[in-house]
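A.B. asks: Take a look at this one; I'll ask things after.
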Amino acid sequence: MSLRDWLRESTDDVRERGWDGLGESAYQLYLGAWKRTEWVYDYGQHVYDEEWDLLVVLDACRYDLATEVEDEYDWLSVESSYSVGGASREWIRKTFGDGYRDEVARTAYVTGNPFSDNLLSGAEFALLDEVWERDWDYEAGTIRPNTLTDRAIHHHRERDPERMVVHYMQPHHPFVADPLDGGPSKNNPGEPGKNVWQRIREGEVGPDAAWDAYRENLRYVLDDVERLLENVDAPEVVITSDHGNLFGEWFLYGHENGVLAPALRRVPWCRTSATDTGSVTPTFDESEPTNADDESVQKRLAELGYL
């Protein structure tokens, strides 16, 4: 956001919301300064520099969140790494960028993240399945993990790719497993322009309640990851995240491209293996329309709190 854009939006926000608008304007200016720290110094572990057959990406999963549920899954042994991105767009751009074209060409990427729409081309991959196009759940405001699991199992059995990345949208908000306020799992029912992180900053949602819902959303996706691990053959599996979330560290919340705060960039790095027991027969309807025009993509990103 340019200074001119910030001034224009700040004026509108203050006019409409008074002191609350002034506080939001100041926060956006502070956040903008943080987003420029990448120009000075950048860091992160590139996933293609590591050994794995199957990479499971849990969108927006903090390292310390993963440690809280580690004992609940016998295949989950949590170490840490640092992501190359502060948000999904940055992680996708850097992970599948020019420096790793040969590796990408041998990779099947099964994704629930709508940012693939304008960042990636199927011609660059062994397979690109943008599952969010067909199986988005508008009631939940996201894509549920079981649909990705079924597609990943199907592709792995049919194609046996050299490498596969499965990019789940959980534990990223909306918190499907434990919706905040006891209502629908949208970012903010009745006020789609304000996401959960802004609601925490403004005192509408308590950080402890948000953390509990965040943890339940992680359990929700890990139960499906377990189903994936029991239905593909992959000796080297890594479970990680594209980025975390900030819960007030450096007075920041959520996640943004370019932000280098360690609490945002530190993500789980879990090594395990997978063996196909044949317990799942994937079911999905290939005849369903994708419905992925520009308007629908924008709507999906808005439901995730990006717009």
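Taking the working numbering, the leading residue of the sequence shown gets 47, the next gets one more, and so forth.
Ideal Cβ placement from N, Cα and C applies to all residues, glycine included.
All values derive from a computational prediction rather than experimental measurement.
Which class does ARG197 belong to by DSSP, given the choice of helix, strand or coil?
C.D. replies: Helix, per DSSP.
A.B. asks: Assign THR323 to one of two classes, buried (16 or more other C-beta atoms within 10 Å of its C-beta) or exposed (fewer than that).
C.D. replies: Exposed: under 16 other Cβ atoms inside 10 Å.
A.B. asks: Pairs of beta-carbons, one from the segment 269 to 278 and one from the segment 194 to 205, closer than 8 Å: are there three or more?
C.D. replies: Contact holds: three or more Cβ-Cβ distances are below 8 Å.
A.B. asks: Does TRP178 pass the burial test, meaning 16 or more other C-beta atoms within 10 Å, or should it be called exposed?
C.D. replies: With 16 or more Cβ atoms within 10 Å of its Cβ, TRP178 is classed as buried.
A.B. asks: Keeping to the same chain, check which residues put their C-beta closer than 6 Å to that of VAL283; ignore five residues upstream and five downstream.
C.D. replies: For VAL283, where only same-chain residues beyond five positions count, the Cβ hits under 6 Å are LEU100, THR318, SER319, ALA320.
A.B. asks: Could you give the distance in angstroms between the alpha-carbon of ASP105 and the alpha-carbon of SER167?
C.D. replies: Approximately 20 Å between the Cα atoms of the pair.
A.B. asks: Could you tell me the distance, in whole angstroms, from the CA atom of PRO328 to the CA atom of LEU292?
C.D. replies: Between PRO328 and LEU292, the C-alpha separation is close to 36 Å.
A.B. asks: Figure out for me which residue from PHE330, TYR299, VAL343 has the closest Cα to the Cα of ALA133.
C.D. replies: ALA133 has its Cα closest to that of TYR299, out of PHE330, TYR299, VAL343.
A.B. asks: Let me know if ASP288 comes out buried or exposed under the rule of 16 or more other beta-carbons within 10 Å of its beta-carbon.
C.D. replies: The residue is buried, with at least 16 neighbouring Cβ atoms inside 10 Å.
A.B. asks: Going by the CB atoms, is the gap between HIS219 and VAL251 shorter than 8 Å?
C.D. replies: No, the pair does not count as a contact, with Cβ atoms beyond the cut-off.
A.B. asks: Given VAL343, which residues of its chain have a CB within under 6 Å of its CB, disregarding the five upstream and five downstream residues?
C.D. replies: Excluding sequence neighbours, VAL343 sits near PRO160, ASP163.
A.B. asks: Would you tell me roughly how many angstroms separate the C-alpha atoms of LYS240 and GLU248, rounded to the nearest one?
C.D. replies: Approximately 10 Å between the Cα atoms of the pair.
A.B. asks: Within the continuous beta strand (DSSP E) that includes VAL313, where are the two ends?
C.D. replies: Counting along the chain, the beta strand (DSSP E) containing VAL313 begins and ends at 312 to 320.
A.B. asks: Looking at ARG190 and ALA223, is the spacing between their C-beta atoms short of 8 Å?
C.D. replies: No, Cβ-Cβ distance for ALA223 and ARG190 is not below 8 Å.
A.B. asks: Straight-line CA distance for VAL115 to ALA172?
C.D. replies: Approximately 34 Å, taken between the alpha carbons.
A.B. asks: Report yes if the CB atom of ASP270 is closer than 8 Å to the CB atom of THR195, and no otherwise.
C.D. replies: In this structure, THR195 lies closer than 8 Å to ASP270 by Cβ.
A.B. asks: For the alpha helix (DSSP H) that ALA27 lies in, which residues bound it at each end?
C.D. replies: Outside the displayed range of the chain (47 to 353) lies residue 27, so it cannot be described from this structure.
A.B. asks: Could you give the DSSP three-state label for PHE293: helix, strand or coil?
C.D. replies: The answer is strand: DSSP assigns PHE293 an E or B state.
A.B. asks: Please look up how many angstroms separate the CB atoms of SER127 and VAL313, rounded, as I've assumed it's under 8 Å.
C.D. replies: Confirmed, Cβ separation roughly 6 Å.
A.B. asks: Helix, strand or coil: how does DSSP classify LEU104 here?
C.D. replies: Strand at LEU104.
A.B. asks: Looking only at DSSP bridge pairs, what is GLU176 linked to?
C.D. replies: Looking at the DSSP assignment, GLU176 forms a beta bridge with THR157.
A.B. asks: Is ARG135 helix, strand or coil when you go by DSSP?
C.D. replies: ARG135 falls in the helix class under three-state DSSP.
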